[in-house]
Each structure stands twice: as C-alpha cells, then as structure tokens.
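In our numbering, the protein residues as written are 1065 to 1232.
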C-alpha cells in the first residue's frame, strides 16, 4: 500500500509520526479487506487554520476540526471493495493502477490538545484519528448510535491489535 504523507507544520511529535500513520493505515485497511497491495491513501498533517479552510471550502463549516476524511469510493455497504468494472476508471490512478482510497487531513493542534484533554499520549491520539478516518474512507459513519458503536469497536480493535492503548 502506498501512503503519501505531507506535513504543513514544523511540529515535533517526539515519535516517528510517519511510521505510526503508515502502521495504522495499513492495519485499518487490511482489517477491512481492502486490496492493500494495489491501493493508496493521501495524508496531510496541518494545523487549526489549514483544516478550518478545508472544512469551510469542502463542508461549508467555518471552524477547525480534529480530522477530515475525504473518501474516494462510494459504498453501498461499508468495506465492500467489489468495484464494478465501469466504475474502476473513477477510482484508480491511471498511471499506477492503484485504487485511490481517499484523503485524510489531521489537525496537529487538536491532536496535542485532545491528547491532553483525554489523558493519553499524542501517539495514541494520532493513531486514533487515523483509524477513525480510515474507517470513514471504508464507508463507515457515526450518524446513528448503532453506527457509532460499530466505528468505536473497529477503532479499538485496530489500535489494540497494534498495542496502542488508552494508557499510552
């Protein structure tokens, strides 16, 4: 799986954030049955202002948030990666043939503040937001209590399988 990470800030995470992001992305998509050997994801690390602009421009919400997810695939059923032949041209990179799963935008300011607020490490908060966003890219949502339960359970499974727990 190709994971393209761009960082717009000079923030020091005190751990290898690229390695953690890649580890979580790979585990999340593998656990959902995505064709990880032929897929890619884009990740942008920005700040409050950067994510506020994207939130305003793409969602008409003029405020910062912790993470944005822009799925490239349309799912009738979450994690159903059986793409009809006629839609493959819409979902694949014409140069590489990779399935473009979507974009993840992380807000470093919120990562640091929420880690402190929730009493866990910056690494855990980063991993949590990446797992959360990956599930959105797989077609999951949390608009109803039942949907939220599914996402929470899947997020915890992903993080626990990597040994990234709330105590971190």
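Cβ atoms here follow ideal geometry from the backbone N, Cα and C, with glycine treated the same way.
Residues bridged to residue i [DSSP beta-bridge criterion]
{"i": "residue 1070", "result": "1108"}
{"i": "residue 1092", "result": "None; residue 1092 has no bridge partner."}
{"i": "residue 1103", "result": "1163"}
{"i": "residue 1127", "result": "According to DSSP, residue 1127 bridges with nothing at all."}
{"i": "residue 1177", "result": "None, per the DSSP bridge assignment."}
Option nearest residue i by Cα separation, candidates the options
{"i": "residue 1104", "options": "1074, 1191, 1086, 1196", "result": "1086"}
{"i": "residue 1172", "options": "1163, 1190, 1157", "result": "1190"}
{"i": "residue 1101", "options": "1155, 1174, 1161", "result": "1161"}
{"i": "residue 1180", "options": "1230, 1097, 1124", "result": "1230"}
{"i": "residue 1093", "options": "1159, 1151, 1200, 1125", "result": "1200"}
{"i": "residue 1132", "options": "1078, 1121, 1157", "result": "1121"}
{"i": "residue 1066", "options": "1076, 1099, 1081", "result": "1099"}
{"i": "residue 1130", "options": "1214, 1177, 1143", "result": "1177"}
Neighbourhood of residue i by C-beta, 7 Å cutoff - its chain only, sequence neighbours within 5 removed
{"i": "residue 1127", "result": "1116, 1119"}
{"i": "residue 1091", "result": "1222, 1225, 1226"}
{"i": "residue 1073", "result": "1109, 1110, 1111, 1172"}
{"i": "residue 1084", "result": "1187, 1190, 1191"}
Same chain, Cβ closer than 6 Å to residue i, neighbours up to 5 away in sequence not counted
{"i": "residue 1312", "result": "Coverage of the chain is limited to positions 1065 through 1232, which leaves residue 1312 absent and any answer about it impossible."}
{"i": "residue 1108", "result": "1070, 1169"}
Where residue i falls: helix, strand or coil (DSSP)
{"i": "residue 1085", "result": "helix"}
{"i": "residue 1169", "result": "strand"}
{"i": "residue 1156", "result": "strand"}
{"i": "residue 1148", "result": "coil"}
{"i": "residue 1197", "result": "helix"}
{"i": "residue 1079", "result": "coil"}
{"i": "residue 1135", "result": "strand"}
{"i": "residue 1228", "result": "coil"}
{"i": "residue 1114", "result": "helix"}
{"i": "residue 1205", "result": "coil"}
{"i": "residue 1211", "result": "helix"}
{"i": "residue 1190", "result": "helix"}
{"i": "residue 1220", "result": "helix"}
Own chain, CB closer than 8 Å to residue i, minus 5 neighbours either side, in chain order
{"i": "residue 1068", "result": "1104, 1105, 1106, 1107"}
{"i": "residue 1175", "result": "1130, 1186, 1189, 1190, 1193"}
Contact with chain C by residue i, beta-carbon distance below 8 Å
{"i": "residue 1124", "result": "Given the protein chain composition of this structure (a single chain), no chain C is represented."}
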